[in-house]
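Residue numbers (my numbering), protein chains in the order written: chain Y, 3 to 233; chain C, 1015 to 1097. Positions of the beta carbon are idealized from the N, C-alpha and C atoms, including for glycine. Here the structure is a predicted model, which means the values were calculated and not measured.
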Amino acid sequence: MKFGVIVFPGSNCEQDCFYVIKDVLKQPVEYIWHKEMVLNGFDCIILPGGFSYGDYLRTGAVARFSPIMKAIVEFADKGGIVIGICNGFQILLETGLLPGAMLRNKNLHFICRHEYVKTENVKNPFTNLCKQNQVLKIPIAHNEGNYYIDEAGLRDLEKKGQIIFRYCDIDGDVEGGGNPNGAVANIAGIINKTGNVLGMMPHPERSSEPELGSEDGLCIFKSIITWIRCR
Amino acid sequence: MIKAKVYITLKRTVADPQGLTIKHALESLGYQKIKDMRMGKLISIELDIDNKKDAERLLNEMCRKLLANPIIEDYSFKITGDK
């Protein structure tokens, strides 16, 4: 089992992801510079958070054309497990591996705080160790997390169970006012149709040790490991 | 050489919190006649091309590929001069 963490110019969460995989979960992990053209021997690719290319033009719009992205699309098309966190999610949207787009937060603020998300689908590589409707406490840190998709697209996501996380209150109530950025239908994380690509705005790598105030993010990384082992 | 200006705006169906915030700011300065306000991006491009048709084809391609995200944005461009 081997994880790969992609590093774009402007990524800034790659060390946190690397640390959680290597030191907390004791799994092999390597950095992959965005100029690499091939992915060899990896079981899971992580696109970390940060500000790739300074968020110029649109978040993720330039990183999407980095040389490694072609290999990531091929990896994903073959069923490889890909998780994009925050800026990684934005890059996956721009690449078209996930549907929709990101807008600026409704209140125009950069928001950095713990949020509660409800786990709506647990039959996938990323949340199979979570309980259905489990509420996770995971921090967000973004300026463009206001997920947008048109109504037809939203219906499609809901019908196919592609919405994995929705912002909610501490009791798991999605209507409880827990929508920090204005995202359509409180969406915090989605998977693709085949279920092997996840994009999420909250940072599980920042909630994987008790010292950080929450270990709920570990559930996601452990789910990936379990999934790959059982495959 | 052809000079062009590319305008990128959020689609009408997409909420524009920046436009709304600026509108409110202007209203607080006493400008009460603003019906609507949307914010967008302006990109100036100089192309090493002489033919206007080729320039238009290239600009369309650039907008579709990178400059605008068709899910949330519309684009238009104006050729502003040639030398």
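- Assigned with DSSP and collapsed to three states, Thr1035 (chain C) falls in helix.
- The count of Cβ pairs closer than 8 angstroms, one atom from the stretch 19-35 of chain Y and one from the stretch 95-104 of chain Y, stays below three, leaving the stretches out of contact.
- Per DSSP, the continuous beta strand (DSSP E) segment holding Ile34 (chain Y) begins and ends at 31-35.
- Among the residues of chain C, those whose CB is under 8 angstroms from the CB of Ala63 (chain Y) are Leu1080, Asn1083, following chain order.
- For Ala103 (chain Y), DSSP records a beta bridge to Y:Tyr150.
- Under the DSSP assignment, Tyr55 (chain Y) falls outside any alpha helix (DSSP H); it carries neither an H nor an E label.
- If you draw a 10 Å sphere on the C-beta of Asp173 (chain Y), you find fewer than 16 other C-beta atoms in it, and that means exposed.
- Under DSSP, Glu1087 (chain C) forms a beta bridge with C:Leu1024.
- Within 7 angstroms of the CB of Gly102 (chain Y), the CB atoms of chain C belong to Ile1085, in sequence order along the chain.
- Ile166 (chain Y) places its beta carbon 8 angstroms or farther from that of Gly147 (chain Y).
- Closest in alpha carbon position to Ala63 (chain Y), among Y:Phe44, Y:Gly90, Y:Val26, is Y:Gly90.
- The contact set of Leu105 (chain Y) on chain C, defined by CB atoms closer than 7 angstroms, consists of Val1028, Ile1086 in chain order.
- For Thr1035 (chain C), a Cβ of chain Y is located within less than 8 angstroms of the residue's own Cβ.
- CA-CA distance, Lys162 (chain Y) to Glu1041 (chain C), rounds to 45 angstroms.
- Runs of the alpha helix (DSSP H) lying entirely within the stretch 106-172 of chain Y, each at least 4 residues long, are 153-161 in chain order.
- Listed as beta-bridge partners of Asp175 (chain Y) by DSSP are no residues whatsoever.
- For Phe5 (chain Y), the beta-bridge partners assigned by DSSP are Y:Val31, Y:Cys46.
- Interface flag for Arg115 (chain Y) against chain C is unset, since no Cβ pair is found closer than 8 angstroms.
- In terms of Cβ geometry, Gly51 (chain Y) and Asn107 (chain Y) do not form a close pair [threshold 8 angstroms].
- Taking a C-beta distance under 8 angstroms as the contact criterion, Thr61 (chain Y) and Gln92 (chain Y) qualify as a contact pair.
- None of the residues of the stretch 1046-1066 of chain C has a beta carbon lying less than 7 angstroms from any beta carbon of chain Y.
- Two segments are said to touch when three or more pairs of C-beta atoms, one from each, lie closer than 8 angstroms; by this definition the stretch 112-131 of chain Y touches the stretch 181-197 of chain Y.
- Per DSSP, Ser1058 (chain C) is one residue of the beta strand (DSSP E) stretching across 1054-1061.
- DSSP lists no bridge partner for Asp18 (chain Y).
- The residues Gly12, in chain order, have a CB closer than 6 angstroms to that of Phe53 (chain Y) in the same chain once the five nearest residues on each side in sequence are set aside.
- Per DSSP, Gly90 (chain Y) is one residue of the alpha helix (DSSP H) stretching across 89-97.
- Ala103 (chain Y) places its beta carbon less than 8 angstroms from that of Asn1083 (chain C).
- Here DSSP, grouped into helix, strand and coil, assigns Thr228 (chain Y) to helix.
- Residue pairing by DSSP places Gly191 (chain Y) opposite Y:Phe167, Y:Met202 in a beta bridge.
- Shown here for Val1028 (chain C): same chain residues with a beta carbon closer than 7 angstroms to its own, the five before and five after excluded, namely Ile1086 in chain order.
- Excluding its 5 nearest sequence neighbours in each direction, Lys24 (chain Y) has C-beta neighbours in its own chain below 6 angstroms: Val31, listed in chain order.
- For Met1051 (chain C), there is no enclosing alpha helix (DSSP H), as DSSP marks it with neither H nor E.
- Residues Tyr118, Val119, Lys120, Val137, Val176, Gly178, Gly180, Asn188 of the same chain have their beta carbon placed closer than 8 angstroms to that of Cys170 (chain Y), with the five preceding and five following residues left out of the count.
- The distance from the Cβ of Ile1016 (chain C) to that of Leu1061 (chain C) is about 5 angstroms, consistent with a contact at the 8 angstroms cut-off.
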